[in-house]
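Student: Residue numbers (our numbering): 79 to 326. Before I ask anything, here is the structure I am working with.
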Amino acid sequence: PLVPPVPSGPAGPGPAYGMPPGQPSEQFPLPPPGLQGEPPAPDDAGPGPGNGSGGFPDLREQPFEALPPAPEQAEPAEPEAPADQGDPDSRALILGVDCKNDHFNDPRVPYCAVCGIALVQRTLVPYQGPRPPLGVLLLDDGMTLRLDTDYLLGRDPERAGEVTSGQARPAKVTSPDGSVSRRHLRVALDGWDVNLVDLGSVNGTQIQPPGDPNFYDIPPNEPVSIAPGTTVRIGVSRTMRYESHRTR
């Protein structure tokens, strides 16, 4: 058989696949040896390793020594209750008796201060119990002091030692004439009694017993017991009245 002759001239590259015959094909430089078998990454590939958004972490960003795992955040523990709080009632314990309806009373009174039943017709057994409020002090400006603790009255009672130490509750009392001292008067509860102690004030403290038209000076720094219905003059122009349904 006859072999057709080969055309003369320099041999060029053949047509690229998918290109119609007769059109020149583009020439692409060949990749360096060793990289020909790596396929290009697809366009929709996820985040690559070490980019911080997924996959394995970049080893170049790791410390030379392995760090211990961080402890898990524990739930805050409930605060523990104190081992012994004692009686939850913080009122002072005093000696008293119960009526037949279990109302705690001053053992010196003939009738129950709550229900009015007679106490002299039954056998009374005194015992220590929490002191109930002993009444109120009604000041002439409308302020009311409930007698369940001691008070310190004056023009500037908050800085008094009895108040800062927690022994007494402050009650600010002022007067236009300036006759009330900074630390003027203490109201002190003693058992079932309400006592007044003038704290060496400049203008003093006076009391008017119930049914008496006169006022009487009380000596400084000495406790004076007052009965319900007593009017108290603080300084020159301020007054208050002791009211209570507990009578002796």
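Using N, Cα and C, we set each Cβ at its ideal position, and we do this for glycine too.
1. Based on the DSSP secondary-structure assignment, which residues constitute the bridge partners of S303?
2. Can you have a look at C190 and say buried or exposed, based on whether 16 or more other CB atoms are within 10 angstroms of its CB?
3. Which residue comes first and which comes last in the alpha helix (DSSP H) that contains E321?
4. Quick one: what does DSSP say V192 is sitting in, helix, strand or coil?
5. Is the beta carbon of A238 closer than 7 Å to that of L225?
6. With H, G and I counted as helix, E and B as strand and the rest as coil, what does DSSP make of G239?
7. Pull up the distance between the alpha-carbon of R233 and that of P254, whole angstroms please.
8. Given a threshold of 16 other Cβ atoms within 10 Å of its Cβ, counted over all protein chains shown, does E300 qualify as buried or as exposed?
9. For the beta strand (DSSP E) holding R264, just list the boundary residues, first then last.
10. Round the Cβ separation of D290 and T283 to the nearest angstrom and send it over; I've been treating them as touching at under 8 Å.
11. Quick one: Cα of I304 to Cα of V272, how far?
12. Could you tell me the distance, in whole angstroms, from the CA atom of P185 to the CA atom of S279?
13. Reducing DSSP to helix, strand and coil, say where K178 ends up.
14. Which partner residues does G207 have in the DSSP bridge list?
15. Could you spell out the range, first to last residue, of the beta strand (DSSP E) harbouring T222?
16. Could you pull out every residue in the same chain whose Cβ sits closer than 6 Å to the Cβ of G207, ignoring the five residues on either side in sequence?
17. Where does M318 land, buried or exposed, given buried means 16+ other C-beta within 10 angstroms?
18. Straight-line CA distance for T222 to D228?
19. Mapping the DSSP letters down to three states, classify D228 as helix, strand or coil.
20. Can you check DSSP and say which residues form a bridge with T283?
21. Locate the beta strand (DSSP E) running through V214, then write down its first and last residues.
22. Classify A246 as helix, strand or coil using the three-state DSSP reduction.
Tutor: With the structure as the only source:
1. For S303, which the question treats as bridged, DSSP gives the partners N273.
2. C190 sits buried, since 16 or more C-beta atoms from the chains shown fall within 10 Å of its C-beta.
3. Taken as a continuous stretch (DSSP letters only), E321 belongs to no alpha helix (DSSP H), being part of the beta strand (DSSP E) at R316 to E321.
4. Judged by DSSP in its simplified three-state form, V192 adopts coil rather than helix or strand.
5. No.
6. Here G239 sits in helix by DSSP.
7. Cα to Cα, the separation comes out at about 11 Å.
8. Counting Cβ neighbours within 10 Å, E300 comes out exposed, since fewer than 16 surround it.
9. Unbroken beta strand (DSSP E) run through R264: L263 to D268.
10. Under the criterion of beta carbons closer than 8 Å, D290 and T283 do not qualify as touching, at roughly 16 Å.
11. Within the model, the alpha-carbon separation for I304 versus V272 is close to 6 Å.
12. Distance from the CA atom of P185 to the CA atom of S279, rounded to whole angstroms, is 35 Å.
13. Three-state result, K178: coil.
14. Beta-bridge pairing links G207 to I172.
15. It spans T222 to R224 - the beta strand (DSSP E) in which T222 sits, taken as one unbroken run.
16. Non-local beta-carbon contacts of G207 in its own chain, meaning distances under 6 Å to residues more than five positions away in sequence, involve G174 and F182 in chain order.
17. With a threshold of 16 other beta carbon atoms within 10 Å, M318 meets it and is buried.
18. Taking the straight line joining both Cα atoms gives about 14 Å.
19. In the structure shown, D228 sits in coil (DSSP, three-state: anything other than H, G, I, E or B).
20. T283 is bridged to I312.
21. It spans V214 to L217 - the beta strand (DSSP E) in which V214 sits, taken as one unbroken run.
22. Reduced to three states, the DSSP call for A246 is coil.
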